[in-house]
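K.L.:
The letter at position 188 of the sequence shown is residue 187 when you use numbering that gives the first Met the number 0, and the numbering goes up by one with no holes. The beta carbon of each residue, even a glycine, is placed where N, CA and C say it ideally should be. One structure, pasted below without further comment.
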Amino acid sequence: MLPILGRYGPFFLYSYTVVLSLGILAGLGLTAWQVRSRPGTDHTGWLDAALASLAAAILGGRIAFVLAHAAYYQAHPAEAWQFWQGGLSVDGAIPAGMAGLWLWSQFRRRPFVHDADWLAPAGALLACFGWLACWLAACAYGRESSLGLFTADLPDAFGVWAVRYQTQLLGFVYSLLAFGLVWWQRGRLRPGQLFWLTVGLISTGRALVSLWRGDPVPQWGALRLDTLLAAGLAITALAGFITQRRAAP
0 MLPILGRYGP FFLYSYTVVL SLGILAGLGL TAWQVRSRPG TDHTGWLDAA LASLAAAILG
60 GRIAFVLAHA AYYQAHPAEA WQFWQGGLSV DGAIPAGMAG LWLWSQFRRR PFVHDADWLA
120 PAGALLACFG WLACWLAACA YGRESSLGLF TADLPDAFGV WAVRYQTQLL GFVYSLLAFG
180 LVWWQRGRLR PGQLFWLTVG LISTGRALVS LWRGDPVPQW GALRLDTLLA AGLAITALAG
240 FITQRRAAP
């Protein structure tokens, strides 16, 4: 694990921020390549759509993270908006990014599914970088376990080493497979289905991996709140996928 890459005077270079930023750039580059490789299609405004969705996702992800760790940020309120130090909740980022994209499409009077499908592969790719960022920063770490399949001697966010489930690695491998499926299906589905497929795959993976996570999150009875949120979003995506399949072409 390598949470800090370097220090420049009073400033730290965090691996989480660097890797996530590289993921954003890779996603934008991938989308740019897509629109260039498909001449004759309406791809104008995709960058504005991506930036609107990204800004909303960062804001929503940070708000959700701060709320989930309210006790800490009540004692350190100045750190609440220092997202560059790490600390974004995907469970807040995905819905907020979707809302930001929808609001932008309404403002520009464009079909939501049009831009959503263009950006879907970038979202799937960003999920891979997100798990890699967490692996380097030791966030989303696994529960303690005995030695066995999918376990290793790993630290938690406080630097305490123990035999844990390799949740970040599991999430990364799953996300790579999900990205491959999304990339393969682009151009094969009805409008809007690629977007909902992407949301569903990412959310399903998060729900499954959360069953082995050990980082503290709010609970709803015996279940982790992030498990419930990811499962709810996966069900919503399934409904959206079916709805778009039945929609008129």
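With a threshold of 8 Å on Cβ separation, who are the neighbours of S145 within its own chain once the five nearest residues in sequence on each side are excluded?
P.N.:
Once the five neighbours on either side are set aside, the close Cβ partners of S145 are V162.
K.L.:
Which residue from S104, G99, C138, L12 puts its Cα closest to that of S209?
P.N.:
Of the candidates S104, G99, C138, L12, the one whose C-alpha sits nearest the C-alpha of S209 is C138.
K.L.:
Could you check whether A233 and A177 sit closer than 8 Å to each other, using their CB atoms as the reference points?
P.N.:
Taking 8 Å as the Cβ cut-off, A177 and A233 do not qualify as a contacting pair.
K.L.:
Does S209 come within less than 8 Å of chain C when only Cβ atoms are used?
P.N.:
No chain C is present in this structure, which holds just one protein chain.
K.L.:
According to DSSP, what are the bridge partners of Q218?
P.N.:
Beta-bridge pairing links Q218 to R223.
K.L.:
Quick one: complete beta strand (DSSP E) runs, 3+ long, within the stretch 124–203?
P.N.:
Qualifying beta strand (DSSP E) stretches, in chain order: 150–154, 160–164.
K.L.:
Quick one: what's R212 bridged to in DSSP?
P.N.:
DSSP, once it has assigned bridges, lists G141 as partnering R212.
K.L.:
Can at least three beta-carbon pairs, one atom from the stretch 79–99 and one from the stretch 51–66, be found at a separation below 8 Å?
P.N.:
Short answer: they touch.
K.L.:
Distance, Cα to Cα, A74 vs V89?
P.N.:
Their Cα atoms are separated by approximately 24 Å.
K.L.:
Going by beta carbon distance, what residues of the same chain come within less than 7 Å of T166, once the five residues before and after it are set aside?
P.N.:
Cβ neighbours of T166 beyond the five flanking positions: A139, Y140, G141, V208, W211, R212.
K.L.:
Rounded to whole angstroms, what is the Cα-Cα separation between A48 and L100?
P.N.:
Rounded to the nearest angstrom, the two C-alpha atoms are 6 Å apart.
K.L.:
Rounding to the nearest angstrom, what Cα-Cα distance links G179 and L46 in this structure?
P.N.:
Approximately 23 Å between the Cα atoms of the pair.
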